[in-house]
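Here the structure comes first, spelled out in structure tokens, and everything after it is commentary.
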Amino acid sequence: MTWLDQAIGWLSPGAGERRIAARRRIDMHGRAYDAAKRDHRTASWQAGGTDANAEVGASEEIVRNRCRDLLRNNGWALQIVDTFADHVVGTGIVGAPTGLKGRNAKKVAANWRGWSEACDHDGDHDLNGLLWLSTKGMAESGAAIIRFRRLQFDASVTVAPLQLQVMEPDFLDPLKSGSLNGGGYIDRGIEYDGKGRKVAYWLLPAHPGDVAQFRSRSMQSERVPANEIVYLYNKLRPGQDRGMPLLAPAVMTLRDLRGYLDAELVRKRIASCMAGFITEKEGDNGVALTDPKTGQALAKKFGRLVEKFEPGMMTRLFPGEDITMATPPNAPGIAETAQYYLREAAAAAGVMYEHATGDFSGVNYSSWRAGHHGFRRRMERIQWLVVVHKLCRVIAQRYREAALAAQLLPAANFGWRWTPPGFISVDPYKDAQADLANLRMGKVTLSQLVEERGYDYLEFLAQYAEDIAAAETALGAGVMFDGDPRKVMNPAKGDNTGGGKKADEASNDSTDAADAA
């Protein structure tokens, strides 16, 4: 009991009793959760209760710059970020219009392909390259800004008059803050309405880190409506409006590992050079050693001597001097320590240790497949809930608006189908057997199997039909390839039924009979 409890109990025993009971209930609740205790283990643990935007805003710039420094100078950090972007986007997320038939479908698809190849405002990438660049920027800097640049058009325009400009989040004006009429406000470059919805972004005309542009141009930010911007980031908390780099939880881990390995390298350099320390011995009477000719103390005559050992170097010592060799202590467990740090860094970034390091010595086929399932599920979540939902669908909508305005599309009512890149199979033969079994049991469809490998199903069918028609025209109806799925192999005889239609029919009959049995 505190003195206040005692005073309240003296003035009002009932109130004092209730106060003591409440304090005991709080204490019981604290003992129920160790994480809520205040003892010697948690005395230095300062955990704030700020919202997501306050946490990100206070640390965004510093963490972003440190992550970029790691990517420039740390191979593991670069490998983690590139692995993330390669598995989420890879060579591209294929988009295709749906709900159209005949000439309309071909015309829309052709216009979409033409625009995808020329949509980069900087002229360096196609649409797939911009998707990869945006995803890598989201991982590296916490967010990526994609700005829609609308172009003037006339009768000579053949593709949608729209371009995409990928920018870093540094373009947001961090000094632009304040209240607006109607209850709106601006928070570090993002403008909100009275209901807290994002309505605009305040962008600088040049990157604040570009010294030349900073000196030659005015750095006055301009207001860009939110429907002209995609602010791509991974939202991890309700109400979070800004993103943090993928390596944010792993920054100190990778930094400490680099410092540890640098210190170990210095130790090995010292050991390889046989470094030593020279000490002067005093004479028998306690007087410093002197030059026999002049009587001057050697330390005064030659000054402070600094010697440095190099590999293979030989040197002479003054009479009476001694040398003590430095023997650096051994540091066992270097590989285990580095592996532990790298496992923690990979887990913090959400990738597998083997992906981050290229070290597959500790896995086999079964353990790799089992561990890869969780990683694949996480990448699929980023693909569909972040990149496709926030970026790809918005790009398709803006493209349709621009193409319709230029009168390049024969129809307006159609949808879109997105196909992320497929995951490379570890054992293609076993996976093919499983796919065939699932397909025959009706657990999956052929379109699902094709799209799992990153191909658009309708384009796949069209291409396959063209290939078969070309093969039959060029080689004749009596010639076939073993890879033609229309020709079923005879499991009993093991032949490929290459004898034409009769052999095909016989093979099909025997296969049907075997399946029925």
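Residues in the sequence shown are numbered from 1 upward in steps of one, following the UniProt record's numbering.
From the three backbone atoms N, C-alpha and C, an ideal C-beta is built for every residue, glycine too.
Rounded to a whole number of angstroms, what is the C-alpha to C-alpha distance between L436 and A96?
-> 26 Å
Below-9 Å beta-carbon distance, G99 vs any chain D residue | In summary, chain D is missing from the structure at hand, where a single protein chain is found.
Extent of the continuous alpha helix (DSSP H) to which I190 belongs = Run containing I190: none in the alpha helix (DSSP H); it sits in the beta strand (DSSP E), 190-192.
Across which residues does DSSP place T98 in a beta bridge pair?
-> G415
How is the alpha helix (DSSP H) around K136 delimited, first residue to last?
-> 127-141
Compare the Cα-Cα distances from Q397 to each of W416, Q6, L131 and report the closest residue.
-> W416
Secondary structure of P420, DSSP reduced to three states = In the structure shown, P420 sits in coil (DSSP, three-state: anything other than H, G, I, E or B).
Proximity to L257 [Cα-Cα], best of L70, N234, G57 | When C-alpha distances from L257 are compared across L70, N234, G57, the shortest belongs to L70.
Check whether R56 and R242 have beta carbons under 9 Å apart | The identity of residue 56 in the sequence shown is Val, whereas the question assumes Arg. Contact flag set, yes.
By DSSP, does R149 sit in helix, in strand, or in coil?
-> Of the three classes helix, strand and coil, the one that applies to R149 here is strand, per DSSP.
Close Cβ partners of K176 (< 6 Å) along its chain, the five nearest in sequence each way excluded | I186, G189, W202, S221
Span of the beta strand (DSSP E) around Y201 | 198-203
Kindly give me the distance between the Cβ atoms of I146 and L391, rounded to whole angstroms, as I take these residues to be in contact under 8 Å.
-> 7 Å
Of the listed residues D173, Y192, D170, E168, nearest to S179 (C-alpha basis) = Y192
Top-ranked residue by Cα proximity to V63, from A22, S116, A143 | A143
For the alpha helix (DSSP H) that contains M252, what are its first and last residues?
-> 251-273
Alpha carbon to alpha carbon, how far is A345 from N73? Give it in angstroms, no decimals.
-> 16 Å
Sequence-distant residues of its chain with Cβ nearer than 7 Å to V450 (five each side left out) | Contacts found: Y457, F460.
Helix, strand or coil at S179 according to DSSP, with G and I counted as helix | If DSSP states are grouped into helix, strand and coil, S179 belongs with the strands.
Secondary structure of P428, DSSP reduced to three states = helix
Helix, strand or coil: which one does DSSP assign to V363?
-> coil
Going by CA-CA distance only, name the one from A36, P208, S12, H125 that's closest to D170.
-> P208
Please specify which runs of the beta strand (DSSP E), each continuous and at least 3 residues long, are wholly inside the segment 34-108, giving them in chain order.
-> 94-98
Start and end of the alpha helix (DSSP H) containing V394?
-> 393-405
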